[in-house]
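For the sequence shown, this note's numbering assigns the number 18 to the initial residue and increments by one for each residue that follows.
Note that beta-carbon positions come from the ideal geometry of N, C-alpha and C, so glycine has one too.
Working notes, beginning with the structure itself.
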Amino acid sequence: MNPTFHADKPIYSQISDWMKKQMITGEWKGDDKLPSVREMGVMLSVNPNTVSRAYQELERTGYIYAKRGMGSFVTSDKAIFEQLKKELAEEITDRFLEEARSIGLDNEAAIELLTKRSSHHE
């Protein structure tokens with residue numbers, strides 16, 4: 018499923034976030050070959066330069082690696098995946114707490130709500 022882009026964040030960053038989620042959920046596994054920048058641009062209906070910037074960011078941070086003449090691949094480093102999972106979980110938590118505060122809940126009330134809801138989903 019392709020991402021829906023929002024105006025509040027640069028598109029290359031949203032592509033990068035979407036790609037990270039594809040990795041965490043197992044859609045893309047370690048050492049999987051990624052579509053070329055051009056292919057990804059067509060797939061997402063964005064300029065290849067934007068995709069290239071996302072790929073560069075992901076490569077710089079170790080989530081993907083490039084092989085000259087062969088393309089880009091998902092890292093197989095499990096520690097990177099664990100760190101990514103932790104970072105994404107923290108972002109989700111921060112967004113939840115921010116939204117909870119925006120409707121007048123303090124952190125304690127928000128945590129209590131989460132605890133109650135999680136027991137319903139077990």
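Contiguous beta strand (DSSP E) assignments of at least 3 residues, all confined to the stretch 68 to 139: 81 to 84, 88 to 91
Please state whether DSSP places K50 in a helix, a strand or coil. Here residue 50 corresponds to residue number 33 of the sequence shown, with the count starting at 1. Strand.
Consult DSSP for S30 and reduce its assignment to one of helix, strand or coil. Position 13 of the sequence shown, counted from the start, is the residue given in the question as residue 30. It is helical.
Under 8 Å, with one C-beta from each stretch per pair, do the stretch 32 to 39 and the stretch 65 to 73 reach the 3-pair mark? yes
Quick one: what's got a C-beta closer than 6 Å to T67's C-beta in the same chain, skipping five residues either side? Walking along the sequence shown from the start, residue 67 turns up at place 50. Closer than 6 Å at the Cβ level, and outside the excluded window around T67, lie I28, Y29.
So which of R118, D49, A24, S136 has the shortest CA-CA distance to V91? For this step, residue 91 is matched to residue 74 along the sequence shown. Of R118, D49, A24, S136, the residue nearest in Cα terms is D49.
Mapping DSSP to helix, strand and coil, what is V63? The residue labelled residue 63 in the question sits at position 46 within the sequence shown. V63: coil per DSSP, three-state reduction.
Presumed contact (8 Å Cβ cut-off) between S89 and L51, rounded CB distance: Here residue 89 refers to the residue found at position 72 of the sequence shown. Here residue 51 refers to the residue found at position 34 of the sequence shown. S89 to L51, Cβ: 5 Å. Contact.
At least one CB of chain E closer than 8 Å to the CB of P65: is that the case? In the structure shown, chain E does not exist; there is a single protein chain.
Is DSSP giving M36 helix, strand or coil here? Within the sequence shown, the letter at position 19 stands for residue 36. Residue state, collapsed to three classes: helix.
Beta-carbon proximity list for R55, same chain, < 6 Å, skipping 5 on both sides: Here residue 55 refers to the residue found at position 38 of the sequence shown. These residues qualify, in order along the chain: P65.
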